[in-house]
Every structure is written in structure tokens, then in C-alpha cells.
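Report on the following structure.
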Amino acid sequence: MNLLSLLIASLSFGHVFCMPIGEAPIKSSILAPRAPGCSIGDIRGVETSSGACRYTLRYAEVKERWGYSQLPSITSSSKLPIFVWVHGGSFVSGSASAPGLDGSTLAQGGIIVIVIQYRLGVLGFLPPSLAASSNDPNLGLLDLINGLSAIQNYATSFGGDAGRVTLGGQSAGAGMIRSLLGVPSAKGLFESANLQSDPLSYGLASTMTTAQLRDAYYSAQTLSTCSSLKCLQSLSLGDILKAQDDLLSYAPYTFEAVPLAEVILPTYGTNIIPNDPTPILFNSPNSLPISTSDISLLMTTTKNEGGSAVQQLFPVPVPPSNKTLVSALTALVGEDRAEAIAKVPAYTSSVGGADGMRGTFEKIVTDGVWRCPNRAAARSWAKAGGKVWVAEWLAGSTYPTNTGSYCQGADRVCHEDDIYPTFGTAPISFPEGVGNEVLAAWSTFINNGTPTLPTGGKGNNVRDYLRQWSDYLKEKAKDWLGQLKEKAAKWHSERGVETWARYTGDDSTVFAIGDGEALACPAGWGDQVKYNWQMYP
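Numbering (mature numbering (1 follows the signal peptide of the UniProt record, and there is no 0)) for the sequence shown: -18 to -1, 1 to 519.
If you want it as C-alpha cells, here you go:
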């Protein structure tokens, strides 16, 4: 597992290679507060006669080598904006090489795309009490901070602008970015953030909850016989992951504060994260270590976020049944909250048809875990003077994990169905006009902190738009940035673009990605029905 992988723009194409920040062998990394780095000198390496660029690194007895296709045609003075993507996976799965995470299209617009890999699950967030890192178990988050720090140190070497770093992440990746808002040492590492499908109902884990999970995990039969770090280091990866799978299956039903969807979470009340940033984000965002004056936000959710969970829990259609609905909700959130949800007017009448129960259940999960808390957090950010743009995906491209009867139903856009369109890797069947909007909005947000849309829908070729940005980036004028802004403004004027309105807290300012209007958030969430972070502070 490489800690940091990059995709570098070269005008009309990108190059995938790995930035040589070393990693420990797995038996060491389970305990290491941070994956070890190394002195690498010139990040461009050495160009061979074949055009390849290679590094050979050594860490202890571990020898690692990366092969590069060819050197990108950018220089240290290019100062390209940098987009850093943090993958999702409920903090226990996923990777930097997950389907769709190819930044080549974004790179055509003169953007450096970096995909961060971080330690996951018990290896990333639940070290044993025998390890010094148990006092601050956020090893996966430290990997992210380490990577962002390296970007600041080496941005010039690969043609990047350390002052224009945008973080982006989906699901748990967005949760990692939210965690950074509570990390004092992360201030200055990025200037804007794109949070996609952040399950904002869930806060971070308290030290007490993490201690409960740690004790339960290391009490597993294959681990409990170890009384030393050396013994734990001798365990096979298979044994470690088998015990983790067991923990994921029973912990939500054993420990009250542990959510079903995210059992293992970053921990607050530690040196790196003194306080959970989640309630602060909702109540007083200017009190965050990274606040409204430091970064701008772009926050999106999909129309049917809860659909992925629905098809796992209920793989076949379920007709309307209030009894079945309340029973399912009780198992998910407890009896009191289930009864409170059932009293919300928007859910009192089940969706009709042969699959009515699943439709209502999905809407509740979508509203309660994603749509409503994201809108509330964005409203708080805007009220505090922060810049934030909010959107709902009404169009998407089915992600491999969503190949099932429910999520592939008509017009459904489930959790993760926004990944392909974000990177411009959606199949040909994805609406071209929507793809143009997304690529233009995301690329301009990365460039200047404001999502801007090309008008004219399908008539626009967004790749031409992005290539035009690249032409500007080739200019070698003394006042490079000023000339870029002047030329970009002229291009915007000639092309005809409109600015995506900033979110004001009203659902009317939620931008709809695709045809139709973004759905409203029903009243009651955060008040009549509490979010998880309100229930388990």
C-alpha cells in the first residue's frame, strides 16, 4: 500500500505515478504513529533513455520501487492548482485505486490530481493498548496529514501551487476531511474542501467508545493470547482482518454509541483532535481550528443515499407496512428514535406500490444520515459568514457496489453513484450535459474556490473549456496569476457562464445536478429527531 499516489497534468493528458513517501511493513505500521517518510531530493527522479522515471527506496530491510510512464511537461514555476482526493469506505475499506478514481480528465484543465491512501480499520484507528499510539489512535488521519504536509513541502517540485490545495472526499473520505477541521496542526494545509456524501449524522468516536472497541477487538480468541507487541506483530493479516470482521458484525448491537454504518471512526479527545468538530460545525463553526475564514466548502449528497443500505437490508421488494417500517427503524436507531421518526409527517404515509416500505425507509435514511444534516451544517457555515455551495445529485452513474435491484431502479442515484461523474469517468450513457456541468463546476472550484457552470448544456464541450485553462497556464508572463485571471474572465464572457449561487440556508439555493429540483429536507431532524452526534456526544 503506497501512502500517496499522484496524477500529474501535462496539458492534454495525465501521468499516474507514486510520490516516494515510504511505508512501514504491515507488522510495523499497525503500531507506527505515522508511516515513515524519507529524504527524496528531486521529486522528479531520474529520466532514463526510455523516458521512464524511477525511484528505489529502502526502509529497514524493505526495498520499494515505483515505475513512471514519462515525465510530465510542467515545471516548478507552473504553479498548478492541486486537487487531493480522499477515498471512502466506512474507514475499513476502499483504496486509492478504487473504480473511477482516474483524474486524467480533470488534469486536462491544468490540475494536479492526487489520491491519498491511508491506513484503515483497526490498523488505522484502533492500535492495541500496548502501543504508545493507543493514546492517540488516529493513525489513518495522521497518514492524511503527513501526505498533505508532503504536498506543501514538494508542491513546487512537481509544478503545484501549495497555496491552492483543494481537498475532496466521498463518504468516509469526506468524514476524514471533516475530522481535519478539528485538527489545529492541519491549518494551512488546504484552502477549500469538497465534501461529497458525508454521513454528518455521525460524530467522531469518544475516547471511551474507542477504548470499548479496542478492548473488545483485542479480546478476540486469536489476539487475546498475546501479551506483548512482538506477539501481536507476529499475527497474520488474515487473523487481524477476521477479528475485525467479527467486531464489525456485533459492535453496533453491543455498544450504544457505535453506529451500524461506521463502527470504527477517528477519535476525539486526543492531542491531534482535541474536540469533536461535528457539533462545533453545527453550532459555532468559527470556533473550529479551521474555520469559515480559512476555507470555502462545496457539499453534495445524492438523491437516494440510503438506497445502498436498503438493498443490503431488504434485497427484495417489501410492500407498504408501518409495522415493518417501525421494526426496521428500531433495529437501526433504537425504539425512542424510531417512534419519533414515525411521527414526522413526511413519513407517516408510506410510499405506495409493491415496494413502498423500502421507498419510505430509504427516504428516512437519506434524510437523517445525509441530506438534512448536510444542509444544517452548511446553513451554520453560511450564517457564520463562510462560503459554501450545496448540491444534490439527481443524476449519477451506478457504482459497482450498487449493482442491485433497488439502486438500479428508475431515476435512483445511490451512495457512491457520484464518483464516476466527479472524475469524468462515467460511461457513455451518462448525460453529456450533466457531465459538462460537473467537470466545469469542480474544475473552477479547484482553480479559484467558486464553482462556475458553462451555459448551453450539451452544446458545450467541457474538455475544450478545460483545455483553454491549460492554454492560459502555459503563459510565462511576470504577473502570471493576474494575466490568468484576466484571460479567464474574457473566456468566461465569450463562452457564456453562470455562477452557481452560494448556499444561503434555504432549500431554493441547493443546486440540482441533473434534471429536476433538489428535494427539501423535512422538518424535525436535529430537533424532534436527534442526529447520532446529538445522542452520543
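Using N, Cα and C, we set each Cβ at its ideal position, and we do this for glycine too. Just so you know, these numbers come straight off a predicted model, no measurement behind them.
With distances taken from CA atoms, which of the options is nearest residue i?
| i | options | result |
| --- | --- | --- |
| glycine 106 | Val97, Leu124 and Gln90 | Leu124 |
| alanine 187 | Tyr250, Gly368, Tyr136 and Ala198 | Tyr250 |
| arginine 357 | Ser77, Thr491, Asp258 and Leu270 | Thr491 |
| serine 153 | Asn430, Pro166 and Cys396 | Cys396 |
| valine 351 | Arg101, Asn514 and Ala132 | Asn514 |
| serine 273 | Leu108, Ala377, Ile64 and Ser174 | Ser174 |
| glycine 508 | Thr192, Tyr136 and Asn265 | Asn265 |
| glycine 378 | Arg353, Thr385 and Arg394 | Arg394 |
| valine 326 | Lys512, Ala137 and Ala132 | Lys512 |
| threonine 432 | Glu414, Ser278 and Tyr329 | Ser278 |
| tyrosine 485 | Gly496, Asn418, Ser183 and Trp363 | Trp363 |
| leucine 209 | Ser290, Leu121, Thr138 and Pro110 | Before going further, note that residue 209 is serine rather than leucine in the sequence given. Serine 209 has its Cα closest to that of Pro110, out of Ser290, Leu121, Thr138 and Pro110. |
| isoleucine 246 | Ser139, Thr191, Asp318 and Gln294 | Thr191 |
| lysine 369 | Pro267, Ser309 and Val68 | Pro267 |
| glutamine 510 | Val68, Ala328 and Arg361 | Ala328 |
| proline 248 | Tyr388, Tyr184, Lys224 and Ala291 | Tyr184 |
| leucine 195 | Lys285, Tyr388, Leu435 and Thr236 | Thr236 |
| proline 181 | Thr189, Pro256 and Met158 | Met158 |
| proline 234 | Asp221, Gly316, Asp118 and Asp337 | Gly316 |
| residue 554 | Gln294, Ala366 and Tyr388 | Shown here, the chain extends from -18 to 519; a query on residue 554 therefore has no answer. |
| serine 116 | Ser77, Thr189 and Phe172 | Thr189 |
| glycine 145 | Phe172, Pro241 and Ala392 | Phe172 |
| serine 269 | Gly367, Gly506 and Pro241 | Gly367 |
| leucine 162 | Leu219, Pro256 and Leu211 | Pro256 |
| glycine 506 | Pro81, Arg353, Leu219 and Asp221 | Arg353 |
If residue i sits next to residue j, beta carbons under 8 Å apart, how far is it from one beta carbon to the other, in whole angstroms?
| i | j | result |
| --- | --- | --- |
| aspartate 400 | serine 179 | 7 Å |
| alanine 243 | serine 75 | The pair is not a contact, with the Cβ atoms about 12 Å apart (cut-off 8 Å). |
| valine 66 | glycine 150 | 7 Å |
| proline 355 | proline 519 | So it is not a contact: roughly 15 Å between Cβ atoms. |
| leucine 421 | methionine 281 | Contact flag wrong, Cβ pair sits at about 18 Å. |
| glycine 164 | aspartate 258 | 7 Å |
| isoleucine 98 | leucine 126 | 6 Å |
| isoleucine 96 | leucine 62 | Between leucine 62 and isoleucine 96 the Cβ distance is about 11 Å, and since that is not below 8 Å, they are no contact. |
| aspartate 349 | proline 504 | 6 Å |
| leucine 229 | alanine 198 | 6 Å |
| leucine 108 | leucine 214 | About 12 Å separates the two Cβ atoms, so there is no contact after all. |
| leucine 501 | lysine 285 | 7 Å |
| proline 166 | proline 271 | 4 Å |
Per DSSP, which one or two residues make a beta bridge with residue i?
| i | result |
| --- | --- |
| glycine 142 | Leu62 |
| tryptophan 424 | Per DSSP, none; premise fails for tryptophan 424. |
| phenylalanine 493 | Ala373 |
| alanine 336 | Paired residue(s): none; alanine 336 is not in a bridge. |
| asparagine 286 | Cys396 |
| threonine 249 | Ala187 |
| glycine 151 | Val68 and Leu177 |
| tryptophan 363 | DSSP output for tryptophan 363 lists no bridge partner at all. |
| leucine 171 | Bridge partners of leucine 171: none, in fact. |
| tryptophan 507 | Val511 |
| methionine 158 | Paired residues: none, contrary to the question. |
| leucine 279 | Ala175 and Val370 |
Going by the beta-carbon positions, is the gap between residue i and residue j smaller than 9 Å?
| i | j | result |
| --- | --- | --- |
| alanine 168 | glycine 70 | no |
| proline 403 | glycine 386 | no |
| leucine 88 | serine 425 | yes |
| glycine 288 | leucine 376 | no |
| leucine 130 | valine 147 | yes |
| isoleucine 64 | alanine 137 | yes |
| valine 347 | leucine 307 | no |
| tryptophan 371 | alanine 483 | yes |
| threonine 283 | glutamate 414 | no |
| leucine 263 | alanine 359 | yes |
| methionine 517 | alanine 291 | no |
| phenylalanine 405 | aspartate 84 | yes |
| glycine 91 | asparagine 384 | no |
| serine 59 | serine 139 | no |
| residue 580 | alanine 320 | Absent from the model: residue 580. The displayed extent of the chain is -18 to 519, so no value can be given. |
| residue 537 | alanine 336 | Any answer about residue 537 is impossible in this case: the structure gives the chain only from -18 up to 519. |
Quiz item: Counting Cβ pairs, one atom from each stretch, are 3 or more of them under 8 Å apart for the region 249 to 266 and the region 338 to 346?
Solution: Segments in contact, no.
Practice problem: Check whether the region 364 to 382 touches the region 404 to 420, counting contact only when three or more Cβ pairs, one atom from each stretch, lie closer than 8 Å. | Solution: Yes, the region 364 to 382 is in contact with the region 404 to 420.
Self-check item: Three or more C-beta pairs below 8 Å linking the region 194 to 205 and the region 296 to 307
Solution: With the cut-off at 8 Å, the region 194 to 205 and the region 296 to 307 do not touch.
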